[in-house]
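Notes follow the structure.
Residue numbers (the numbering used here): 250 to 801.
Structure follows, in structure tokens:
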């Protein structure tokens with residue numbers, strides 16, 4: 250986890266930008282508290298705030314090619330960097346950083362190398378010799394990236410909106426799986442996996458192959474030179490990741506598992522209210538897996554007190570995202586206090602395998618598959634944003650093995666009929682079958698809890714009560730006048746929108762937040778499956794469950 254800042258298309262003779270860039274980069278230093286670096290050129294500036302995870306000694310950025318012709322700033326991890334290095338024998342690597350391979354690949358292939366990367370990243374690359382820049386974001390959008398232009402026409406790029414929003418008249422989220430090559434002048438999609446088309450999702454549902462792919466993904470993503478851990482909610486997804494990570498924890502991944510791990514004891518972390526169903530399940534999972542488990546409690550008042558800071562960090566007012574980000578934000582602070590710098594999490598499994606309860610209403614395999622693709626496309630606006638920014642607020646990196654590109658290819662090329670729930674068959678059944686022997690049945694076959702529900706049902710109730718006290722009936726009735734763009738429809742949504750406006754007052758900032766239902770809710774296309782959830786204003790998993798109980 251780091252942050253990047255880039256300035257490009259700088260007008261000739263423009264001066265004084267170094268200090269301005271440093272100040273902008275400082276606004277996102279929480280993402281990378283270990284070191285700062287900056288490169289300044291007449292036509293480009295790249296600033297970097299580093300969280301040192303791999304190659305602690307020599308991996309400071311911006312990275313510079315051996316001849317000084319190219320400069321690179323990356324927020325991310327390239328999990329297959331060692332294999333990619335062997336394909337670039339003519340490049341003289343200057344560091345052990347996993348990110349330097351991007352420079353080597355660019356020098357060898359130009360801009361046509363992104364499909365070779367398996368990782369989570371957002372980067373800016375400046376080629377001084379050609380007066381050319383590249384900007385790219387990973388396929389799913391695990392790492393955040395924003396861009397905009399100021400009144401002088403300078404292109405600003407940053408990991409978080411707060412770094413550039415004060416300078417730019419327009420700010421947008423850079424789309425995942427896209428590239429901006431200045432030699433072409435337009436943002437274009439480069440990530441086009443074949444599984445997006447239903448006809449290419451026809452591999453048989455093989456639980457053993459699925460398990461092997463997940464084991465490989467977790468193993469790859471344990472690449473780390475610092476103390477790390479796992480988030481363990483007690484749900485299926487995080488428990489599977491934790492159980493597999495425990496099997497590899499005694500060996501160092503960066504040595505191809507040939508050396509003993511530097512920190513062999515795997516630590517797991519959970520948070521919730523005193524009566525949290527997640528905490529109870531996490532204790533069971535941790536005991537079965539054998540992690541050194543850490544359970545933290547928070548009160549509803551502590552969560553409410555943190556709301557403004559949470560919204561300032563996650564840069565959204567989406568209701569479900571705020572609800573779930575708050576306990577995660579509080580947990581990240583405790584994790585940081587223990588000296589942990591990286592954690593693995595279970596985001597993405599529900600989107601890939603149709604884990605939300607409304608998937609029980611999918612009419613056929615085609616509709617089911619199309620909905621999973623739509624959900625994956627929107628992950629960067631919701632769950633990926635939450636996991637990344639809630640953790641990055643305290644300088645902790647969150648990794649997501651279910652969104653590993655090689656695993657994603659295996660899971661999404663699978664016949665969607667093998668993923669579909671049905672009578673006597675719960676959601677994500679094939680993933681549960683893949684986990685046989687890894688977890689006790691009470692965890693492996695546990696019904697899904699949305700994270701904001703699982704931390705304690707009183708959490709959402711407390712938020713609604715707080716919003717009721719903070720927002721008047723008149724304010725809600727006049728919401729469309731105060732917030733003409735995507736006006737809030739509930740008092741809770743109004744409260745979050747008001748807190749967001751304090752940090753990000755410009756209309757262009759509000760426009761970066763998606764309208765419509767949250768990620769836990771059905772998309773407009775899926776709402777036609779069942780009238781029971783077509784018009785729900787509350788995106789809580791608890792609210793959704795009432796209309797689906799008969800599906801089990």
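C-beta atoms are modelled at their ideal positions from N, C-alpha and C, and glycine is treated no differently.
Remember, it's a predicted structure, so these values are computed and weren't measured experimentally.
Item: Inter-stretch contact (C-beta, 8 Å, three-pair minimum) for the segment 348–357 and the segment 404–415; Value: no
Item: Burial state of residue 570, where buried means 16 or more other Cβ atoms lie within 10 Å; Value: buried
Item: Residue of 390, 588, 417, 446 minimising C-alpha distance to residue 426; Value: 390
Item: Identity of the residue in 439, 401, 396 nearest residue 209 by Cα; Value: What is shown of the chain runs 250 to 801, which leaves residue 209 out entirely.
Item: Pairwise C-alpha distance: residue 715 and residue 709; Value: 10 Å
Item: DSSP three-state assignment for residue 447, whether helix, strand or coil; Value: helix
Item: Neighbour-count burial assignment, residue 726, 16 or more Cβ in a 10 Å radius; Value: exposed
Item: Same chain, Cβ closer than 7 Å to residue 600, five either side skipped, listed in chain order; Value: 621, 624, 625, 628
Item: Local Cβ density within 10 Å of residue 590, reported as buried at 16 or more and exposed below that; Value: buried
Item: For residue 595 and residue 619, the rounded distance between their alpha carbons; Value: 22 Å
Item: Sequence-distant residues of its chain with Cβ nearer than 6 Å to residue 682 (five each side left out); Value: 456
Item: Residue range of the alpha helix (DSSP H) that includes residue 468; Value: 456–470
Item: CA nearest to the CA of residue 770, picked from 632, 755, 695; Value: 632
Item: Residues that DSSP places opposite residue 376 in a beta bridge; Value: 319, 381
Item: Every unbroken beta strand (DSSP E) within the segment 518–568, with a cutoff of 3 residues, ordered by chain; Value: 541–546
Item: Every unbroken beta strand (DSSP E) inside the segment 617–703 [3 residues or more]; Value: 646–648
Item: Contacting residues, own chain, Cβ-Cβ under 6 Å from residue 284 (five flanking each side not counted); Value: 299, 309
Item: Buried/exposed call for residue 797, threshold 16 Cβ in 10 Å; Value: Low confidence applies here, because residue 797 scores a pLDDT of 38, under 50, leaving its location unreliable and the question unanswered by this model.
Item: Range covered by the alpha helix (DSSP H) that runs through residue 481; Value: Looking at the DSSP string, residue 481 is not in any alpha helix (DSSP H), and its letter there is neither H nor E.
Item: Completely contained alpha helix (DSSP H) runs for the segment 565–599, where each covers 4 or more residues; Value: 568–586
Item: Neighbourhood of residue 521 by C-beta distance below 6 Å, restricted to the same chain and skipping five residues each side; Value: 527, 528, 704, 705
Item: DSSP-derived helix/strand/coil call for residue 490; Value: helix
Item: Segment limits, alpha helix (DSSP H) that includes residue 398; Value: That residue, residue 398, is in no alpha helix (DSSP H); its beta strand (DSSP E) goes 395–398.
Item: Nonlocal neighbours in the same chain, by C-beta distance under 6 Å from residue 423, ignoring five residues either side; Value: 386, 394, 396
Item: Cβ contact check for the segment 539–557 and the segment 666–682: 3 or more pairs under 8 Å; Value: no
Item: Own chain, CB closer than 6 Å to residue 582, minus 5 neighbours either side, in chain order; Value: 643
Item: According to DSSP, residues forming a beta bridge with residue 420; Value: 397
Item: First through last residue of the alpha helix (DSSP H) which encompasses residue 707; Value: 706–719
Item: In chain order, each beta strand (DSSP E) run of at least 3 residues that lies wholly inside the segment 255–343; Value: 284–289, 293–299, 319–327
Item: Own chain, CB closer than 7 Å to residue 720, minus 5 neighbours either side, in chain order; Value: 740, 743, 744
Item: Contact the segment 601–614 vs the segment 660–672: 3+ CB pairs below 8 Å; Value: yes
Item: Contacting residues, own chain, Cβ-Cβ under 8 Å from residue 269 (five flanking each side not counted); Value: 416
Item: Beta-carbon separation (whole angstroms), residue 447 vs residue 257, contact threshold 8 Å; Value: Not a contact, Cβ separation roughly 39 Å.
Item: Own chain, CB closer than 6 Å to residue 314, minus 5 neighbours either side, in chain order; Value: 352
Item: Beta-carbon spacing of residue 762, residue 567 below 8 Å; Value: yes
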